[in-house]
Every structure is written in C-alpha cells, then in structure tokens.
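Novice:
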Amino acid sequence: MAHYSIAAVYDRLYQHYGAQQWWPADSAFEVIVGAVLTQNTAWVNVERAIDNLKHAKALDARIILQTPIKRLAQWLKPSGYFNIKAKRLKHVCRWYVSHGAYATLRQWETGKLRESLLAVHGIGKETADAILLYAFDRPVFVIDAYTRRLLRRLGSIHGDESYNDLQRSIERGLARRRDKSRLFNEYHALIVRHAKHSCAAKPRCETCVLQRGCAKK
DNA sequence: GTCCAGGGTTCGT
DNA sequence: ACGAACCATGGA
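Residue numbers are given in my numbering: position 20 of the first sequence equals residue 371, and the series is strictly consecutive.
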C-alpha cells in the first residue's frame with residue numbers, strides 16, 4: 352500500500368478543501384471557552400451554548416466566576432455534559448484571571464503555558480494544545496482521534512503511538528516547513544473538515560481526498 | 001431507535 | 001500502563 356508523508360497529506364487536504372480560517376471566535380477567551388465546551392461535542396451545539404453566554408453578556412472570565420454554577424449550567428445546556436462543563440469553565444476562568452488574563456499569559460513561554468494549562472482540572476492534552484494553537488498562536492500540533500485515524504490509514508504513522516510521541520512525530524514530519532503556527536492551525540482544521548466529508552465512492556472517504564477525480568466537498 | 005460529535009476524569013485490572 | 005464507565009444534548 353502507498354505511504355503518504357505527513358507533509359504530502361497536508362498538501363492534498365489543502366489543495367482539496369482550501370484554507371479553513373480557524374478558530375471561529377471573536378477573541379482568545381472565546382477560543383478557550385469553545386475548546387472546553389467542544390469536548391466530545393458537535394460544534395453546532397457549542398455555538399448555541401456560546402450564544403447563550405453572549406446573550407447573557409456573560410462571555411467574560413470574571414462574570415463566569417461570579418455566576419452561580421446552576422445558572423451557568425443552564426446556559427451550557429445545549430453543549431451537553433453541562434454540569435461537568437460548568438465546573439470546568441469555572442476552573443479555566445480561575446486560572447485565566449489569576450494569571451493576569453491574556454495580556455500576561457501571552458508572554459509566557461510555550462512549555463510553561465502548556466504545563467500550567469494541564470494542571471487545570473478538566474483540561475487534558477488535546478484541549479490544552481487546542482488552546483495553545485488557536486488562542487495563543489503557538490506552533491503546537493493538536494492530536495485528536497481523527498488525526499490518528501486518517502494518518503494511520505494513509506500509512507503516515509504507525510497509529511499506536513502515545514499522544515506525545517505522535518505529536519513529536521508529526522511536528523518532525525513538518526520540520527522543514529515555515530510558518531508553523533499557521534500550518535498546524537490549517538492542518539488540524541483540515542483534518543476535522545475532512546472527517547465530515549462523506550464520499551460514497553471507493554476508495555473510502557479517509558483516502559479519497561488524495562485521489563484525482565473526487566470533486567465532492 | 002441507534003450512533004456519534006472539534007475529551008477528560010475516575011476507577012478498576 | 002491500559003480499558004471502561006460516566007458525563008448529556010442534538011442532529012443524522
């Protein structure tokens with residue numbers, strides 16, 4: 352079977368789908384909120400929850416911290432797991448405010464920022480890396496189930512690597528590219544975009560973007 | 001009715 | 001170190 356390099360897969364995806372313009376948010380803080388709310392949840396439902404926060408003028412770390420957990424959970428209801436996510440949002444906001452918000456955090460070194468995020472209850476590696484990349488513009492590759500599945504089927508990776516190993520492997524595969532933040536930003540967004548692509552024809556949808564003649568978007 | 005979505009924690013083995 | 005149950009809504 353043919354093996355595609357990590358870089359080649361990106362080129363094909365970009366060629367097929369074009370720039371994805373992620374993350375859909377008006378501010379860095381909104382990215383952070385969205386990153387927590389989208390955990391194992393369809394984005395359309397996250398948008399509803401964020402709209403609730405906006406309509407209540409509560410898309411603000413200090414306001415969320417002052418909001419009773421019960422009311423916060425009601426606003427988050429459309430995004431699912433609302434009781435858990437209400438607590439997680441509070442934890443993230445406490446972290447955000449206590450460290451001086453974006454103005455201070457944006458000056459932190461990436462490794463320190465990542466460790467700090469991972470110490471927040473409710474933020475795992477994927478969410479932390481999504482925040483680093485999409486809220487803080489750091490060159491960190493986000494590993495999710497789609498990434499693993501796609502690159503395994505294309506023979507670009509073995510597939511059973513740990514999160515950190517796979518991340519290093521992919522970042523190494525793109526080491527010669529420049530503008531890493533923009534590249535990783537688009538790559539992850541393209542993988543998510545491609546996961547939604549269903550192609551009835553063979554070969555299967557995970558590989559058809561690499562074939563000529565598939566015009567489906 | 002079933003499956004799954006832009007995961008993480010907790011608790012068994 | 002790895003697996004499974006748990007969290008919960010809404011669209012396909």
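Beta carbons are placed, not taken as given, at the ideal position from N, Cα and C, and that holds for glycine. Computed from a predicted structure; not experimentally measured.
Give the single residue among A370, V384 and G369 whose Cα lies nearest to the Cα of A376.
Specialist: Of the candidates A370, V384 and G369, the one whose C-alpha sits nearest the C-alpha of A376 is V384.
Novice: When the Cα atoms are used, what is the spatial distance from G524 to K441?
Specialist: In a straight line, the C-alpha of G524 is about 37 Å away from that of K441.
Novice: Using DSSP with H/G/I as helix, E/B as strand and the rest coil, what is F380?
Specialist: It is helical.
Novice: Does the stretch 427-435 come within contact of the stretch 378-392, defined as at least 3 CB pairs closer than 8 Å?
Specialist: Result yes; three or more Cβ-Cβ pairs closer than 8 Å.
Novice: Express the C-alpha separation of L484 and T498 in angstroms, rounding to a whole number.
Specialist: Approximately 16 Å, taken between the alpha carbons.
Novice: Out of V382, H367 and Y361, which has the shortest C-alpha to C-alpha gap to W373?
Specialist: That would be V382, whose Cα lies nearest to the Cα of W373.
Novice: Taking only runs of the alpha helix (DSSP H) that begin and end inside the stretch 429-513, which ones reach a length of at least 4 residues, in chain order?
Specialist: Complete alpha helix (DSSP H) runs here, min 4: 433-449, 452-456, 461-469, 476-485 and 496-504.
Novice: Take A407 and list the residues in its own chain whose beta-carbon comes closer than 8 Å to its own, dropping the five residues that flank it on each side.
Specialist: Within the same chain, A407 has close Cβ partners W426.
Novice: What's the call for E460, buried or exposed, on a 16-neighbour Cβ count within 10 Å?
Specialist: E460 is exposed by the Cβ-count criterion.
Novice: Identify, in the order they occur along the chain, each residue of the same chain with its Cβ nearer than 7 Å to the Cβ of A359, setting aside the five sequence neighbours on each side.
Specialist: Taken in chain order, the list of residues that qualify is empty.
Novice: Three-state secondary structure (DSSP) at D530?
Specialist: It is coil, neither helix nor strand.
Novice: Which value, in whole angstroms, describes the spacing of the CA atoms of S513 and Q458?
Specialist: Rounded to the nearest angstrom, the two C-alpha atoms are 29 Å apart.
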